[in-house]
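Below is one structure, written out as structure tokens, with a few remarks after it.
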Amino acid sequence: MILGVGGEEEIPLADRPREGRKTAAPVQNPLTSGTASERQALEARIARMPAGLADPAKKEIAAQLVSTAEHSTLNWRGRYGAIEDLGDGNGYTAGIIGFCSGTNDMLQLVESYTAEHPDNGLARYLPALREVDGTDSHDGLDPGFTDAWEAEAAKPAFRAAQDAARDRIYFDPAVRLAKMDGLGTLGQFIYYDAMLLHGPGLAPDGFYGIRQAAMKKARTAAEGGAEKRYLNVFLDESRSAMRSRTGPAQRDTSRIDTTQRVFLRKGNMGLTAPLQWRMYGETFRIPPS
Numbered sequence: 029m030i031l032g033v034g035g036e037e038e039i040p041l042a043d044r045p046r047e048g049r050k051t052a053a054p055v056q057n058p059l060t061s062g063t064a065s066e067r068q069a070l071e072a073r074i075a076r077m078p079a080g081l082a083d084p085a086k087k088e089i090a091a092q093l094v095s096t097a098e099h100s101t102l103n104w105r106g107r108y109g110a111i112e113d114l115g116d117g118n119g120y121t122a123g124i125i126g127f128c129s130g131t132n133d134m135l136q137l138v139e140s141y142t143a144e145h146p147d148n149g150l151a152r153y154l155p156a157l158r159e160v161d162g163t164d165s166h167d168g169l170d171p172g173f174t175d176a177w178e179a180e181a182a183k184p185a186f187r188a189a190q191d192a193a194r195d196r197i198y199f200d201p202a203v204r205l206a207k208m209d210g211l212g213t214l215g216q217f218i219y220y221d222a223m224l225l226h227g228p229g230l231a232p233d234g235f236y237g238i239r240q241a242a243m244k245k246a247r248t249a250a251e252g253g254a255e256k257r258y259l260n261v262f263l264d265e266s267r268s269a270m271r272s273r274t275g276p277a278q279r280d281t282s283r284i285d286t287t288q289r290v291f292l293r294k295g296n297m298g299l300t301a302p303l304q305w306r307m308y309g310e311t312f313r314i315p316p317s
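When we follow our numbering, the leftmost residue of the sequence shown carries the number 29, and every step to the right adds one.
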């Protein structure tokens, strides 16, 4: 899919600059660090917090917002079968959040799906997916993989597997960490979208590296800081990482400048509808619930 941005310039939809996810850096994931008892206490504390973005109505809003960035539509449920190579160095991009053959999450998805449904139409591509992981190669995937993906996406089980992989790899960790940092529903969405965009990596341009950079400049709400100030700093760091990418689609910052920053500037910390935002020059709206 192609979108026009800033006049007549055309860029591929769905920026997925997650090249750094495998690069180690001296940054810790606070959800997995500490002793077992400390992690257990943290999870218990998070479980007592309000649902926030995990509330079904808010999670639906999050899915719609992400879908406008990834697919230029509010109808995210119509994108399970989407698959194409966007030319961004990440191989095939597919499904509701843009699982990529080059960034490991597509491999995780197909592996977990195959464990539950071993006779599925994608299982025979697992050796190739393992080989191309971390590259933009289609070796062993062409021909046939895109057709197999589209066919499998017609099955409720594969759609459910995409939902589960989205939650396990991105949504749940982002929301839990945002709650740990004292962030409300909007902040939880900002973390989730950044986790999707940059990948759950520890490198400076991965999610955890971006969070660490922001925390050096502003205190989180949990640390006694002002939530809006911290989120603005976090968005600055996320935007800077986006602008350092190579392709025009990867450098487009609509999902921050004319979406998340708009909600933050208006003080809509609960991500409450009605919502209006612009993505790649197109206006989207979610009416009051």
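Glycine residues also receive a C-beta, built at the ideal position from the N, C-alpha and C atoms.
Quick one: measure Cβ to Cβ for residue i and residue j, integer angstroms, because I've assumed they're closer than 8 Å.
{"i": "Q258", "j": "A246", "result": "For the record, residue 258 in the displayed sequence is Tyr; it is not Gln. The Cβ separation is near 4 Å, so the contact holds."}
{"i": "A179", "j": "G149", "result": "6 Å"}
{"i": "A242", "j": "F262", "result": "4 Å"}
{"i": "T131", "j": "G227", "result": "6 Å"}
{"i": "L169", "j": "Y153", "result": "6 Å"}
{"i": "S282", "j": "A222", "result": "Not a contact, Cβ separation roughly 14 Å."}
{"i": "I124", "j": "R196", "result": "I124 to R196, Cβ: 14 Å. No contact."}
{"i": "Y198", "j": "L224", "result": "5 Å"}
Drop a sphere of 10 angstroms on the beta-carbon of residue i, count the other beta-carbons inside from all chains shown, and report buried for 16 or more, exposed for fewer.
{"i": "T51", "result": "Because the pLDDT at T51 is just 37, under 50, the model does not fix this residue reliably, and the value given afterwards should be weighed accordingly. So T51 counts as exposed."}
{"i": "T287", "result": "buried"}
{"i": "G244", "result": "With the sequence shown as reference, residue 244 is identified as Lys, and Gly is not the correct amino acid for it. Exposed, by the Cβ-count rule."}
{"i": "A85", "result": "exposed"}
{"i": "G298", "result": "exposed"}
{"i": "K7", "result": "Outside the shown range of the chain, which is 29 to 317, sits residue 7, and nothing can be said about it."}
{"i": "R76", "result": "exposed"}
{"i": "A69", "result": "exposed"}
{"i": "D285", "result": "exposed"}
{"i": "D209", "result": "buried"}
{"i": "R158", "result": "exposed"}
{"i": "D133", "result": "buried"}
{"i": "R289", "result": "buried"}
{"i": "D43", "result": "With a pLDDT of 37 at D43, under the threshold of 50, the modelled position of this residue cannot be trusted; read the value that follows with caution. Per the 10 Å Cβ criterion, buried."}
Provide the residue(s) that pair with residue i in DSSP beta bridges, ordered along the chain.
{"i": "Q304", "result": "R313"}
{"i": "Y258", "result": "Answer is none; Y258 lacks a bridge partner."}
{"i": "I111", "result": "A122"}
{"i": "F127", "result": "A122"}
What is the rounded straight-line gap between the Cα of residue i and the Cα of residue j?
{"i": "K109", "j": "P146", "result": "Per the sequence presented here, residue 109 reads as Gly, with Lys not at that position. Roughly 19 Å between the two C-alpha positions."}
{"i": "T121", "j": "A181", "result": "14 Å"}
{"i": "M307", "j": "E255", "result": "24 Å"}
{"i": "A151", "j": "N260", "result": "43 Å"}
{"i": "S65", "j": "A72", "result": "10 Å"}
{"i": "A269", "j": "T174", "result": "30 Å"}
{"i": "E88", "j": "P232", "result": "30 Å"}
{"i": "M29", "j": "C128", "result": "Confidence at M29 is low in this model, with a pLDDT of 28, below 50, so the placement of that residue should be treated as unreliable; the coordinate-derived value is given next. About 15 Å."}
{"i": "A301", "j": "A91", "result": "14 Å"}
{"i": "S272", "j": "G126", "result": "21 Å"}
{"i": "H99", "j": "G106", "result": "10 Å"}
{"i": "G234", "j": "L205", "result": "15 Å"}
{"i": "P184", "j": "G252", "result": "45 Å"}
{"i": "D280", "j": "D113", "result": "18 Å"}
{"i": "R49", "j": "L303", "result": "At R49, the pLDDT of 39 sits below 50, so the modelled position is not reliable and the matter cannot be decided from this model."}
{"i": "V28", "j": "A202", "result": "Because the chain spans 29 through 317 in this model, residue 28 falls outside it and cannot be assessed."}
{"i": "F186", "j": "W177", "result": "9 Å"}
{"i": "A192", "j": "L93", "result": "18 Å"}
{"i": "T101", "j": "T63", "result": "43 Å"}
{"i": "T248", "j": "P155", "result": "43 Å"}
{"i": "D264", "j": "L292", "result": "13 Å"}
{"i": "S61", "j": "W305", "result": "37 Å"}
{"i": "K294", "j": "T142", "result": "45 Å"}
{"i": "E310", "j": "N296", "result": "21 Å"}
{"i": "E144", "j": "A250", "result": "39 Å"}
{"i": "L59", "j": "Y220", "result": "15 Å"}
{"i": "D167", "j": "W104", "result": "29 Å"}
{"i": "I74", "j": "G172", "result": "44 Å"}
At least three beta-carbon pairs within less than 8 Å, the segment 74 to 81 to the segment 204 to 218
Yes, the segment 74 to 81 touches the segment 204 to 218.
Using 8 Å as the cut-off, can you tell me whether the segment 112 to 121 makes contact with the segment 162 to 170, which would need three or more C-beta pairs spanning the two stretches below that distance?
These segments touch.
Report yes or no: do three or more beta-carbon pairs, one from the segment 309 to 317 and one from the segment 222 to 239, lie closer than 8 Å?
The segment 309 to 317 and the segment 222 to 239 do not touch, with fewer than 3 CB-CB distances between them shorter than 8 Å.
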